[in-house]
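In our numbering, the protein residues as written are 1 to 271. Working notes, beginning with the structure itself.
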Amino acid sequence: MSNGGSRVAVNFAKRIVIKVGTSTLTYDNGKMNLGSIDKLCRSISDLMNRGKEVLLVSSGAIGVGIGYLGLTKRPESTREKQAIASVGQCELMNAYTRSFAEYSYRCGQILLTKDGITDKLTRANVTNTIETLLEMGIIPVINENDSVSTTEIMHNGTFGDNDTLSADVACLTNSDLLIILSDVDGLYDSNPKDNPDAVRISYIEEVTEDMLDFTSGKGSWLGTGGMITKITAMDKVTKNGINGVIANGSDAQVLEKILDQDDVGTFFAAR
Numbered sequence: 001m002s003n004g005g006s007r008v009a010v011n012f013a014k015r016i017v018i019k020v021g022t023s024t025l026t027y028d029n030g031k032m033n034l035g036s037i038d039k040l041c042r043s044i045s046d047l048m049n050r051g052k053e054v055l056l057v058s059s060g061a062i063g064v065g066i067g068y069l070g071l072t073k074r075p076e077s078t079r080e081k082q083a084i085a086s087v088g089q090c091e092l093m094n095a096y097t098r099s100f101a102e103y104s105y106r107c108g109q110i111l112l113t114k115d116g117i118t119d120k121l122t123r124a125n126v127t128n129t130i131e132t133l134l135e136m137g138i139i140p141v142i143n144e145n146d147s148v149s150t151t152e153i154m155h156n157g158t159f160g161d162n163d164t165l166s167a168d169v170a171c172l173t174n175s176d177l178l179i180i181l182s183d184v185d186g187l188y189d190s191n192p193k194d195n196p197d198a199v200r201i202s203y204i205e206e207v208t209e210d211m212l213d214f215t216s217g218k219g220s221w222l223g224t225g226g227m228i229t230k231i232t233a234m235d236k237v238t239k240n241g242i243n244g245v246i247a248n249g250s251d252a253q254v255l256e257k258i259l260d261q262d263d264v265g266t267f268f269a270a271r
């Protein structure tokens, strides 16, 4: 299938998972980027007006907590991270609730641990909750339960990052499209932060091991994911018949451009 023909598929996506990273939601000092949050909520509301079903996987609990509490660096101990996440999650949901309300939409919070995906009974309960929210026209805002989800706690472990979580959610909910919003314009043939001549790759037919060679750089100090986790997430969803896009979340119109089949970001074709 041609590059352009594959991108047309996004316009027919009914159920869309959108993952937004900490770098899109906060400034470098950790304070919330309220303008960016409002633009995101406006774009999601417009997609809802188009008749789409949207699930938002949102990072940022710890990052927002850092800014809200006036900390100058990311905490190192697990207990501090958990405490700060509980504060940041409240602030983050308050911001989403206010912004969505401006466009006559409501949102509901879902905090997951790995058990929510791997345990049969819990998975059914999570799925029922998400389906009910969507049926009611409410936008599920999903995050890992950072206040309790650690490798030290005796359960099935953590997702590790919200790129992985967004892929799991897309597969769990039989979504049609996963959009990961990042601080870069998509996948490049080399690291654009190091190489000014790096070229954006518009279309990926299949994720290969070679792609991981130049995507191992870490994200911002407030976030935990890098490009490698995004490529891995795309590999998972495309193998499950779900299209994917990695694009720059700082572009206020990026979601509209993706759904209008503009050549933005990197498109990953479902297999």
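Ideal Cβ placement from N, Cα and C applies to all residues, glycine included.
query                                                                                                                                                                     : result
Which residue comes first and which comes last in the beta strand (DSSP E) that contains residue 244?                                                                     : 243-248
Quick check: the Cα distance between residue 87 and residue 59, rounded to an integer number of angstroms?                                                                : 14 Å
Of the residues 56, 83, 37, which one's Cα is nearest the Cα of residue 98?                                                                                               : 37
State the start and end residues of the unbroken alpha helix (DSSP H) segment that holds residue 108.                                                                     : Not the alpha helix (DSSP H): residue 108 falls in the beta strand (DSSP E), residues 106-112.
Are residue 93 and residue 57 touching if we call contact CB-CB under 8 Å?                                                                                                : no
To which residues of the same chain is residue 168 closer than 6 Å at the C-beta, ignoring the five residues directly before and after it?                                : 117
Which residues in the same chain have their Cβ closer than 8 Å to the Cβ of residue 11, if we skip the five residues on either side of it in sequence?                    : 259, 260, 261
For the beta strand (DSSP E) that residue 17 lies in, which residues bound it at each end?                                                                                : 15-20
Does the region 177-196 come within contact of the region 241-249, defined as at least 3 CB pairs closer than 8 Å?                                                        : yes
Are residue 132 and residue 204 touching if we call contact CB-CB under 8 Å?                                                                                              : no
Please confirm whether residue 66 and residue 74 have their CB atoms less than 8 Å apart.                                                                                 : yes
So which of 226, 171, 242 has the shortest CA-CA distance to residue 187?                                                                                                 : 226
Go ahead and label residue 222 buried or exposed: buried means 16 or more other beta carbons lie within 10 angstroms of its beta carbon, across all protein chains shown. : With a pLDDT of 43 at residue 222, under the threshold of 50, the predicted position of this residue should be treated as unreliable, and no value is reported.
According to DSSP, is residue 206 part of a helix, a strand, or is it coil?                                                                                               : coil
How would you call residue 145, buried or exposed, if buried means at least 16 neighbouring beta carbons within 10 angstroms?                                             : buried
Between the Cα of residue 165 and the Cα atoms of 105, 124, 20, which residue gives the shortest distance?                                                                : 20
Of the choices 29, 55, 28, whose alpha-carbon is the least far from that of residue 41?                                                                                   : 55
Let me confirm a value: residue 136 is counted as buried when at least 16 other C-beta atoms fall within 10 Å, else exposed. Which label applies?                         : exposed
On the three-state DSSP scale, how would you describe residue 258?                                                                                                        : helix
In angstroms, rounded to a whole number, what distance separates the CA positions of residue 13 and residue 211?                                                          : 26 Å
Does the Cβ of residue 253 have 16 or more other Cβ atoms within 10 Å, making it buried, or fewer, making it exposed?                                                     : exposed
Report the option in 35, 208, 139 whose CA atom is closest to the CA atom of residue 51.                                                                                  : 139
Are the CB atoms of residue 269 and residue 242 within a distance shorter than 8 Å?                                                                                       : no
For residue 71, is the classification buried or exposed, using 16 other Cβ atoms within 10 angstroms of its Cβ as the cut-off for buried?                                 : exposed
Do residue 105 and residue 91 have their CB atoms nearer than 8 Å?                                                                                                        : no
For residue 267, report the span of its beta strand (DSSP E) as first-last.                                                                                               : 266-268
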